[in-house]
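**Q** Numbering (our numbering), first residue to last: 350 to 826. Glycine included, each C-beta is placed from N, C-alpha and C at the ideal position. What follows is a structure written as structure tokens; I'll ask about it next.
Below you can see the structure in the form of structure tokens.
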């Protein structure tokens with residue numbers, strides 16, 4: 350405790366101490382004032398969105414008046430947010446906000462309301478652009494550079510949570526590069542700024558009032574905000590929106606490969622010095638990679654001169670590239686590095702279509718290859734139908750897994766289909782055994798099995814997980 354002495358030093362110290370306490374308060378008030386000014390300037394750039402969609406397919410061709418007079422018709426109303434990206438009346442939002450809507454309205458911060466139409470969409474990335482005829486130039490946002498965003502940066506979210514109207518929340522950037530939805534381009538900015546249903550499509554602003562993200566998702570154990578909001582980075586969004594200004598539909602760049610990380614076990618099976626790159630699990634017939642000569646088992650190390658940090662970064666680089674771009678793909682094959690030029694194509698509507706049926710091979714019904722602890726059998730038409738397997742997949746069906754084996758521990762399950770053992774395709778138990786024997790002769794302890802898991806047979810081409818490499822240790826002789 351300081352004792353105040355008239356004319357003495359402690360009085361000066363107390364004064365300085367009080368000044369130090371008051372200074373932060375003054376600065377905080379100034380910051381709040383500046384933030385309020387900033388928000389006022391941003392509100393005209395943000396809109397509330399109301400989208401009406403129909404529940405009954407029978408009324409798809411009805412006019413709006415007919416829909417309203419039809420007692421059996423149920424209208425579904427979705428609410429969301431958006432922001433002006435061009436003064437001519439172009440608004441950005443999430444695709445899921447307006448998906449299936451027959452009527453869309455946007456409401457501005459001054460209360461004015463007008464109809465909007467979908468101008469363009471990039472469904473895989475969950476971005477859409479709307480067009481309104483406001484009769485005057487609108488105030489557009491300023492884009493920020495999401496690559497410069499850092500954890501703990503302050504942010505503002507403006508939107509229409511739960512349809513209550515324009516609302517502002519504040520927080521910080523909690524994390525970067527989040528992958529939560531398992532789409533080809535997940536790289537979300539995570540924020541603790543409260544985000545609820547209805548904030549979707551709204552902007553995430555930085556402290557300068559520049560858009561650094563589009564609020565797109567939340568994770569919560571309840572229906573409300575739990576401080577786990579996720580935004581599409583502005584650099585990704587701007588790239589897509591700029592393309593949507595000239596095209597009504599944008600699909601990502603596409604190479605036609607399914608990849609996975611090279612684990613230490615896979616690296617051992619490939620005799621690599623260390624785990625690096627992404628191993629190719631499947632190549633789509635007649636896709637860009639197939640045309641260029643890339644095949645299953647190749648390890649992609651580089652795109653041009655850049656080494657992606659992981660398989661997600663590799664796919665993002667491909668998906669966020671314009672179709673027609675030629676990339677130099679550095680791959681490792683049979684222990685040698687080679688470079689293959691690949692011209693990317695546009696993401697197809699169906700990139701995992703059924704292929705022609707393979708030649709029928711008569712084999713014994715059930716056989717158990719040594720060393721793997723797996724019971725396998727050839728794929729007959731009956732087994733294909735029973736296991737809902739498309740005709741294009743060739744391999745052997747796993748009908749049993751011995752408990753306690755490495756295959757069981759790695760997650761191999763009955764109903765899975767083994768497509769390859771290492772670089773060799775297999776159509777019978779004998780094929781599997783020959784490859785295992787070869788590995789034994791080469792003193793290998795790991796068998797790389799390319800497996801189409803039973804759970805991975807998905808009709809949705811955008812999120813089809815496809816075949817996966819399993820590094821399975823061979824039983825000791």
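Per DSSP, residue 507 is paired with what?
**A** Residue mapping note: residue 507 aligns to position 158 of the chain shown, counting from 1. For residue 507, which the question treats as bridged, DSSP gives the partners 517.
**Q** So what's residue 792 in DSSP terms, helix, strand or just coil?
**A** Here residue 792 refers to the residue found at position 443 when the chain shown is read from its first residue. Taken through DSSP and simplified to helix, strand or coil, residue 792 comes out as coil.
**Q** Taking residue 402 as part of the beta strand (DSSP E), name the residues at either end of that continuous run.
**A** Locating residue 402 in the chain shown gives position 53, where the first residue counts as 1. That run of the beta strand (DSSP E) goes 395 to 403.
**Q** Could you check which residue in 399, 441 and 443 has the C-alpha nearest to that of residue 428?
**A** Locating residue 428 in the chain shown gives position 79, where the first residue counts as 1. Selected option, being the one with the closest Cα: 399.
**Q** Would you check if there are 3 or more beta carbon pairs closer than 8 Å linking the stretch 386 to 398 to the stretch 427 to 444?
**A** Between the stretch 386 to 398 and the stretch 427 to 444 there are three or more inter-stretch CB-CB distances shorter than 8 Å, so the stretches are counted as touching.
**Q** Helix, strand or coil for residue 662? Go by DSSP, reduced to three states.
**A** As a first step, residue 662 is located in the chain shown; it is residue number 313 there, counting from the start. Helix at residue 662.
**Q** Measuring only the C-alpha atoms, how far is residue 635 from residue 767?
**A** For this step, residue 635 is matched to residue 286 along the chain shown. For this step, residue 767 is matched to residue 418 along the chain shown. Linking residue 635 to residue 767 through their CA atoms gives a straight-line distance of about 22 Å.
**Q** How is residue 624 classed by DSSP in three states: helix, strand or coil?
**A** Against the chain shown, residue 624 aligns to sequence position 275. Three-state DSSP puts residue 624 in coil, outside helix and strand.
**Q** Return the residue from the list 780, 824 and 779 that minimises the CA-CA distance to residue 794.
**A** Here residue 794 is taken as the residue at index 445 of the chain shown, counted from 1. If we check each option's Cα against that of residue 794, 824 comes out closest.
**Q** What is the residue span of the beta strand (DSSP E) that residue 727 lies within?
**A** By 1-based counting over the chain shown, the position of residue 727 is 378. Its beta strand (DSSP E) spans residues 723 to 727.
**Q** Taking the C-alpha atoms as reference points, what is the distance between residue 704 and residue 644?
**A** For the purposes of this step, residue 704 is identified with residue 355 of the chain shown, where counting begins at 1. For the purposes of this step, residue 644 is identified with residue 295 of the chain shown, where counting begins at 1. Here residue 704 scores only 35 on pLDDT, less than 50, and its place in the model should not be relied on; the value that follows carries that caveat. Near 17 Å, if we compare the C-alpha coordinates of residue 644 and residue 704.
**Q** Just to confirm my understanding: we take residue 534, look at its own chain, exclude 5 residues before and 5 after, and list those with CB closer than 6 Å. What are they?
**A** Locating residue 534 in the chain shown gives position 185, where the first residue counts as 1. Excluding the 5 residues flanking it on each side, residue 534 has same chain C-beta neighbours closer than 6 Å at 474, 665 and 668, in chain order.
**Q** For residue 537, which of 770, 565 and 517 has the nearest alpha-carbon?
**A** Sequence index remark: in the chain shown, residue 537 carries index 188 (1-based). Of 770, 565 and 517, the residue nearest in Cα terms is 565.
**Q** Got a sec: does the ligand MG put a non-hydrogen atom nearer than 7 Å to the Cβ of residue 618?
**A** Of the ligands one can find in the structure shown there are none, so the ligand MG has no counterpart to examine.
**Q** So what does DSSP say about residue 820, is it helix, strand or coil?
**A** Residue mapping note: residue 820 aligns to position 471 of the chain shown, counting from 1. Of the three classes helix, strand and coil, the one that applies to residue 820 here is strand, per DSSP.
**Q** Nearest to residue 496 by alpha carbon, out of 801, 466, 561 and 511?
**A** Sequence index remark: in the chain shown, residue 496 carries index 147 (1-based). It is 561 whose Cα lies nearest to the Cα of residue 496.
**Q** At the level of alpha carbons, what is the spacing between residue 401 and residue 450?
**A** Position 52 of the chain shown, counting from 1, holds the residue named residue 401. Position 101 of the chain shown, counting from 1, holds the residue named residue 450. Looking at the two C-alpha atoms, the distance is approximately 5 Å.
**Q** Going by beta-carbon coordinates alone, are residue 602 and residue 672 separated by less than 8 Å?
**A** In the chain shown, counting from the first residue as 1, residue 602 sits at position 253. In the chain shown, counting from the first residue as 1, residue 672 sits at position 323. Taking 8 Å as the Cβ cut-off, residue 602 and residue 672 qualify as a contacting pair.
**Q** DSSP beta-bridge partners for residue 442?
**A** Residue 442 sits at position 93 when you count from the first residue of the chain shown. Beta-bridge pairing links residue 442 to 477.
**Q** Within the continuous beta strand (DSSP E) that includes residue 651, where are the two ends?
**A** Reading the chain shown from its first residue, position 302 is the one you call residue 651. Annotation: the continuous beta strand (DSSP E) that includes residue 651 extends over 648 to 652.
**Q** Out of 631, 680, 693 and 802, which one is the CA nearest neighbour of residue 637?
**A** By 1-based counting over the chain shown, the position of residue 637 is 288. When each option's Cα is compared against that of residue 637, the closest is 693.
**Q** Between which two residues does the beta strand (DSSP E) harbouring residue 758 extend?
**A** Counting from one through the chain shown, the residue named residue 758 turns up at place 409. Note, residue 758: premise wrong, no beta strand (DSSP E); alpha helix (DSSP H) at 755 to 759.
**Q** Leaving out five residues on either side along the sequence, give the residues of the same chain with a beta carbon under 6 Å from the beta carbon of residue 491.
**A** Here residue 491 refers to the residue found at position 142 when the chain shown is read from its first residue. Answer for residue 491: 559, listed in chain order.
**Q** Using 8 Å as the cut-off, can you tell me whether the stretch 583 to 601 makes contact with the stretch 646 to 662, which would need three or more C-beta pairs spanning the two stretches below that distance?
**A** no
**Q** Residue 468: which of 622, 488, 438 and 460 sits nearest, CA to CA?
**A** Reading the chain shown from its first residue, position 119 is the one you call residue 468. Residue 468 has its Cα closest to that of 438, out of 622, 488, 438 and 460.
**Q** Between residue 524 and residue 563, which are expected to be in contact by the criterion C-beta below 8 Å, what is the C-beta distance as a whole number of angstroms?
**A** Taking the chain shown and counting its residues from 1, one reaches residue 524 at position 175. Taking the chain shown and counting its residues from 1, one reaches residue 563 at position 214. Residue 524 to residue 563, Cβ: 17 Å. No contact.
**Q** Specify whether the stretch 538 to 558 and the stretch 576 to 588 touch according to this definition: at least 3 beta carbon pairs, one from each stretch, less than 8 Å apart.
**A** Contact between the stretch 538 to 558 and the stretch 576 to 588 is present, because at least three Cβ pairs lie under 8 Å.
**Q** Who are the near neighbours of residue 709 in its chain, counting only those whose CB is closer than 7 Å to its CB and skipping five residues on each side?
**A** Within the chain shown, the letter at position 360 stands for residue 709. Residue confidence for residue 709 is low, a pLDDT of 37 falling below 50, so the modelled location carries little weight; the figure read from the coordinates is stated next. None.
**Q** What number of angstroms, rounded off, separates the C-alpha of residue 457 from the C-alpha of residue 506?
**A** For the purposes of this step, residue 457 is taken as residue 108 along the chain shown, with counting starting at 1. For the purposes of this step, residue 506 is taken as residue 157 along the chain shown, with counting starting at 1. Approximately 16 Å between the Cα atoms of the pair.
**Q** Can you list, in chain order, the residues of its chain whose CB lies under 6 Å from that of residue 516, leaving out five sequence neighbours each side?
**A** Along the chain shown, one-based indexing puts residue 516 at 167. Correct list, in chain order: 510.
**Q** Taking 8 Å as the cut-off, does the stretch 646 to 659 touch the stretch 675 to 689 (at least 3 CB pairs, one atom from each stretch)?
**A** yes
**Q** Where do the N-terminal and C-terminal ends of the alpha helix (DSSP H) with residue 590 fall, by residue?
**A** In the chain shown, residue 590 corresponds to position 241, counting from 1. Looking at the DSSP string, the run of the alpha helix (DSSP H) that includes residue 590 is 583 to 593.
**Q** Cα-Cα, which of 687, 753 and 441 is closest to residue 481?
**A** For the purposes of this step, residue 481 is identified with residue 132 of the chain shown, where counting begins at 1. When each option's Cα is compared against that of residue 481, the closest is 441.
**Q** Do you know whose CA, among 551, 493 and 764, lies nearest residue 446's CA?
**A** Working through the chain shown from its first residue, we reach residue 446 at position 97. Selected option, being the one with the closest Cα: 551.
**Q** Here's the rule I'm using: 16 or more other beta-carbon atoms within 10 Å means buried, otherwise exposed. How should residue 731 be labelled?
**A** Along the chain shown, read from residue 1 onward, the residue named residue 731 stands at position 382. A residue is called buried once 16 or more other Cβ atoms fall within 10 Å of its Cβ, and residue 731, having fewer, is exposed.
**Q** Could you check what DSSP says for residue 564 in three-state terms: helix, strand or coil?
**A** Position 215 of the chain shown holds residue 564. Residue state, collapsed to three classes: strand.
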